[in-house]
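Line by line, the protein sequences give chains A and B. Everything in the first sequence is counted per the numbering used here, starting at 320 for the first residue and increasing by one. Everything in the second sequence is counted per the numbering used here, starting at 3 for the first residue and increasing by one. Here is the structure we will look at.
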Amino acid sequence: MNDITPTIIRWSRGLVAVSLTLSAATLFAQDDEVQAEESQPTVWFAGQEIKAPDFEKWECSNCTFDYGWSGSALLGAGYTSDQLFEFGNYRGLDDDGVHANAGIDLDFRAEDGRHLEIYGEDLGLENRDLLIHGGRQGRYSAWLKYDEILQLRADDTRTPFLGAGSRSQVLPDDWVRGQITGDMTMLSTSLRPVDIRSKRETVALGFEFQRESPLRYAAEVRKTRRDGNRIRGGSFIFRAVQLAAPVRYDTTELDASVAFVKRSWELQAEYQLSRFENDSRSLRFQNPFIGINGASLGELAEAPDNQFHQVMLSGSWRPSPLLTLAGQVAFGRIEQDQALLDFTVNPNLANPELPRAAFDGEVDTRVINLRASSRISRKLSARVTLEYDERDNNSSQDAWLQVVADTFVTEPRFNEPLSHERLAFGAQVDYRALSWLRLTAAAKRTETERSFEEVRNADTDRYSLKARIRAATKLNLTIEGSREERDNDLDPSLLGPQENPSLRRFHFAEKDRDALRVSADYAITEDLAAGLYYEYADEDYSDTRIGLSRAKSQSLGLDLSRAFGDSATVHAWLSYERLRATIFGADSVVGADWTARQNDEFRSGGAGLRFHRLPGAWRQASFDLNYSDAEGDIRLAKRGVFDPRFPELQTKRFTFEASAERQMRENLDLVLDYLVGRLTEQDFFRDGIGPAAVPNLLSLGEATPGGTVHVISASLRYRFR
Amino acid sequence: MQASSSDGKRRIRKGMKRSATALLVTRLLPALMMLIAAGSLLAEEEASDQLKLPEFSRTGADTCLRCHGGEDDPQLMEVLHGPHGVVADPRTPFGSGLQCEACHGPGGDHTGRVRPGKERPPMPAFAPDSPLTTQQENQVCLGCHQGTDHRFWEGSAHDQDEVGCADCHQLHIRRDPITVTSTQSEVCMGCHLQQRSQFQSAFSHPVRFGEMACSNCHAPHGSPSEAMLHSATLNQNCFGCHAEYRGPFLWEHSPVAEDCSNCHNPHGSNHPSMLTRRAPLLCQQCHSRAGHPSIGLTPDDIEPDTQSVFLLAGSCANCHSQVHGSNHPSGATLNR
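In C-alpha cells form, the structure reads like this:
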C-alpha cells in the first residue's frame, strides 16, 4: 500500500494538472472561438444574427438602377350619357356631357437617394386627387396632398325660399301663408330648383425628418373645406319646413410628433390640434305657415366653432423576444365658447338676458390603452389589455328659458354636461393544442359610468372561444363563439317626467348577446382559392318592455378567385345579410301597446376578370360587375290596425366597368373605359312627397333616384423611363 | 332631469378611481408580472429555437439575376426602381449590401448545385414553399421597418391572425396597390369579405368609389384602440372628418356624445346617413314620452295628413333636426 499510494497520488496529481491545463486550454480556445465568432462580421435576418457573406464578390453588376424621371401621363375625354346625382355621387360626374380625363404618375430618383413622386387621379373631375411627395430617403421627406370628395344628394329638390343654401332664407314678397301647405296659393309658382350637394376639399402639407439618430420628427397640417348645402328641418310646433341649409365648414388639423426609436423599444410624443370653424352662426328662415303668437321667423343654431387639443404619449417595449408591451396615453381638451343666440327671434315673446353670453364648453378627455403580449412558448401566447376612456365634461351649467320653436315660452331647463368613464380589462390566451388546432379563449370586462342618465353604472362581460383548424393541407377553418352580458343599476325614477317608466334605452340597457362566426379558406389548387363565412348574432334585451327588445343579424358570403398563370385572374363573390329588430312601444304611456318589426335584407355579388398579358398590341384589360339588392320591411302591429306592413323599401343597383389598354407606339397607349350604372329605388319615406303633399310639412320634394347612365372615355397614356 | 353635476362627477371619479385601482392591483399588475417573469425565464428556450439558415449565395443579386428578372418576369426588376432599391440609403436591401437576400434570406442552398432528380430548395422567405413561417417572415420586414407606424404590430389583430406583410404588400411592382387610396380597399377586402359587401350598401363611406381607403379610419399595422382605429377612441376617429359634431354643445344628445356607432354603421347601411334603422323607430328605441314621441305610426299614416309629418321625408328630423346636439339657448328638444 505504501508503495502504490504515492504512485497513485503522483499519477492523480498529474492527471489533475493535465486536466486543469487542458480545461484551461479548452476554455481559452472556446473563448478564442467565441472571440473569433464575435469578430466575424454578422448581419441580422428574421430577428437573429447570422454570419455575413463575402461582400467583395457582391458587385450587383447586373442590377439596372434607373435614375432620373420615369412614369406616365394620361389625358383624354369622357362622355356621360345622363345626369343622375346618385350615380355621380363620389364619382365627380354631376352632369351629363363631356368631361376631361387626366392622370399623372411620375417618379424621379437620384443616385444620392433624393426622390420626387407626383401622382394624380381623376384630375379632370370634381373628385380629383393629387400627391406630391419628395425628399431624401433615410433623411427627410415632405409631401403635399390635395383631395376632393364630391357629395351629390339630390337634384330634383325645390323650394320657395329665396337665398336657399344661405344663412338667411326668406319667402317671396307675394307669399301667402296658410295653416296647411294646401292653403299656400303661391307655392307652386314660387318653387325654384336647389341642388343638395357639397364638396369636401382637403389640402395637407407635411414633413418627416430623420437624422442618423434614433430621433424622428414629423408634422402635418391639413385644412379641409366643406362647401355646399344639406337638408335641415325647421319647425313651428308640429308644422315643419325642409330647408337647404348652408354648409361652410373649415377644419384645420395639426399633428406634430417626435419619436425615439431603438431596436427593442420606442416612444413617441405627439401633439394633435383640430380646429373647426363654421362660416354660419345660425340659419334664419321665414315661417311659411300662419304663425302662432306671431311666430313669423325661426332661427336654427349652426354647429359652433370648436377646437380640440390632445397630447399623446405612445410606444412599445420588447424586454425579451417573448414579451411586448405597447400602449398609448392621451390627454385632450375640447373647447367651445361661441357667442350664443337669443332665446328667440319672435319679438312678441319674452327674450330675457342670457345666463351667459357664450357657453364656455370644456370637456377633458383622458384615454389609456395598454397591451401586453407574450409568446410564452411555441404553443402558448397570452395577451392582457387595459382600456380607459374618460369624457369629463366641465362645461357650464345654467337654467335656460325654453322658447319652443319661437312660438311659446315654457319652463326653464338646466343643461346637462354629459360625462362618462369607461374602463375595460381583457385577457386572451392562445394555445396551439395540436399542429392543426389552435384555440383562443378571451374574456373582457367593461365598466361604464355615466352622469345625468337613469343608468349610472353598466357592466359588460364578454367571453369568447375561437378554434382555428387546419382541416386539410390547404383548408383552414375558424369557428368563434362569444357571449356578452350587460347589467346596470337602472333607476327608472330618473327617466324624466312623462317618460314611460318601462323604457330601457338600448345603448345601456341590460342585454345578452350571443354570436357565432364560421369562416373557411380553401386553396383548392395552387391557382384556385375559395373563401366562405357565416356570422350570426342575437341581442336580447330581456329587461326591455319599451324600446329595442331584440336585434338579430345573419350574414354569409362566398368568394372565389382563380389565377391563370400570370396572364389573367378572375374572381367572383356573393353575400347575403339579414338584420331584424323588434321594438316595443305604447301610445302615450297608457295607450295602445304596439310592436314594430324591422327586417332588412341585402344581397350583393360581383365578378371580375383581369388580363395582365394579352396577345398582340393589347397590353391589359379588366371587366368588373357588381350587383346589390336591398329590401327593407317594416311592420307595426297595434290594436285596431288592419294591415301592419309598410310598403317595402327597395334599392337595386348594377354597375359594369370595362377597361382596356392598347399599345399604339413604343411609349404611347390608348386607354378605353366604359362604365354603365343602373339604379332603381323605392322609398315610401320620400316617394311622392312633393312640397305640398303633407299638410303640415313644406318639403323639398326629394324623390328616390332611378335611371341608367353610361360613361365612355378614351385617353392616351404616355409612358417613359 | 336636474342634478348637481359637480357632486355627480365627484361621485363618479371616486367610484371609478376605486374600481380602476382595484382592477389594476388585483388583476392587471399580477398578470403583467407573471407575463414578464415568464417571458424572461423562457427567453433561454427561445435562444435555442433559432432558425437553421443556409449560407448566403456566392455573388448576391448577380446570382439571382442569372435566372430571375429576365423576359419571363421583368416586373421583378421594379424593386430596383423603388424605395427598396436605393443604394444611397444604407437601410435598404441594396444599400445594406444584402440585396435580394436581405428579404428572401440566404440563398446558398437555392442557388447551389442540385443533384439530378432532386428539387431545388426554396429560398428561406417570400417564395413558394419557403420554410419560414408567416411570423418569421414578418420579422424580416420588421427588422428594418420598425418604429412609428409599426410599433403596435406585435399583439395586434393582424399579428394574432398570422397575417403576413406579403399578404398585403407587393414590392416587385411600380406602385404597391395598398398604398394608393383608390386601390387599397380591393386588397383589404380580399380577406374582409363582409366589409366588401357592406360597402356596396345604398349609403356608405365612398370606399367602393376609391375616394376613401380603409386606412383613413383603421391602422392595419396595429393600434391599441378598439377595432384598430387610428385615433384613441371611436368618436375621435369620426370627428377627424366630422368635426361639426364634436361640440360640446349646450344641449347634448347622449348617444352621440358617447359613441357614434350607437346609431350609425360606418361600413354602410341601406338607410340614409348610414343609420342602423329608420326614424321614427330609430328614435323610439330610446324615446317614449307621452305624446307624439311614443305614438306607433302605422301604414295609415303614409296617407299625407297631419300625422305623416312624424313619418315621411325626414320623420323626426323634420322638426328635431339638431340630432347631434344644439347650441341654441332654447334648443333643449334639439329643434333649434
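By construction, the Cβ of each residue, glycine as well, lies at the ideal position given by its N, Cα and C atoms.
For Met79/B, three-class secondary structure by DSSP: helix
Per-residue DSSP class, three states only, for Ala915/A: strand
DSSP three-state label for Thr383/A, please. coil
Rounded separation between Leu562/A and Gln817/A - CA only: 31 Å
Leu341/A in three-state terms, based on DSSP: Any answer about Leu341/A is weak, because its pLDDT of 44 lies below 50 and its placement is not dependable; what the coordinates show is given next. Leu341/A: helix per DSSP, three-state reduction.
Closest Cβ-Cβ distance between Arg115/B and chain A: below 8 Å? no
I need the straight-line Cα distance from Trp892/A to Leu758/A, nearest angstrom please. 29 Å
In the DSSP output, which residue or residues are listed as bridge partners for Arg603/A? Answer is Ser487/A, Glu618/A, bridged to Arg603/A.
Check whether the stretch 846-865 of chain A touches the stretch 819-827 of chain A, counting contact only when three or more Cβ pairs, one atom from each stretch, lie closer than 8 Å. yes
DSSP state of Lys581/A mapped onto helix, strand, coil: coil
Between the stretch 178-190 of chain B and the stretch 228-246 of chain B, can you find at least three pairs of beta-carbon atoms closer than 8 Å? no
Run through the DSSP bridge pairs and tell me what His326/B is partnered with. In the DSSP output, where bridge partners are listed per residue, His326/B has none listed.
If the cut is a Cβ gap below 7 Å, which residues of chain B does Trp363/A touch? The answer, in chain order, is Gly145.
By the three-class DSSP mapping on this structure, what secondary structure does Ile515/A have? strand
Alpha carbon to alpha carbon, how far is Ala483/A from Leu1035/A? 42 Å
Once you ignore the five residues that flank Phe555/A on each side, which residues in its own chain have a CB closer than 8 Å to its CB? Asn606, Phe608, Gly610, Ile611, Ala614, Gly617, Ala724, Asp725, Thr726
If you measure from the beta carbon of Cys321/B to each beta carbon in chain A, is any gap under 8 Å? yes
Alpha-carbon to alpha-carbon, Pro76/B and Asn381/A: 13 Å
Would you verify that the beta carbon of Thr300/B is, or is not, closer than 8 Å to some beta carbon of chain A? yes
So what does DSSP say about Glu467/A, is it helix, strand or coil? strand
Over the uninterrupted beta strand (DSSP E) stretch that includes Glu768/A, give me the two end residues. Note, Glu768/A: beta strand (DSSP E), 756-769.
Within the stretch 788-818 of chain A, note down every full beta strand (DSSP E) run reaching 3 residues or more, in order along the chain. 794-807
Contacting positions in the stretch 379-391 of chain A - beta carbon closer than 8 Å to chain B: If the cut-off is 8 Å between Cβ atoms, the stretch 379-391 of chain A has Cys379, Ser380, Asn381, Cys382, Thr383, Phe384, Asp385, Ser389 near chain B.
If we cut at 8 Å on Cβ distances, does Asn986/A have a partner in chain B? no
Cα separation between Glu139/B and Asn420/A? Using only the alpha carbons, I get a separation of about 41 Å.
Find out if the Cβ-Cβ distance for the pair Ala915/A, Leu944/A is shorter than 8 Å. With contacts defined as CB atoms closer than 8 Å, Ala915/A and Leu944/A fail to qualify as a contacting pair.
Would a check of beta-carbon distances place Gly72/B closer than 8 Å to chain A? no
Going along chain B, which residues have a C-beta under 7 Å from Lys957/A? Gly298, Thr300
Per DSSP, what kind of secondary structure is Glu46/B in: helix, strand or coil? Bear in mind that the predicted position of Glu46/B carries a pLDDT of just 44, short of 50, making it too unreliable to give a figure here.
Residues sharing a beta bridge with Glu520/A, DSSP: Paired residues: Glu467/A, Arg544/A.
Over the uninterrupted beta strand (DSSP E) stretch that includes Thr726/A, give me the two end residues. Note, Thr726/A: premise wrong, no beta strand (DSSP E); not H, not E.
Report buried or exposed for Arg1045/A, applying the criterion of at least 16 other Cβ atoms within 10 angstroms of its Cβ. In this structure chain A extends from 320 to 1040, so residue 1045/A is not present and cannot be described.
At the level of alpha carbons, what is the spacing between Gly327/B and Tyr895/A? Rounded to whole angstroms, Gly327/B to Tyr895/A spans 35 Å at the Cα level.
In the DSSP assignment, the beta strand (DSSP E) including Gly866/A goes from what residue to what residue? 866-883
Against chain A, does Ser203/B count as a neighbour if the rule is that its beta carbon must be under 8 Å from one of theirs? yes
Within 10 Å of its beta-carbon, does Ala204/B have 16 or more other beta-carbons around it, so buried, or fewer, so exposed? buried
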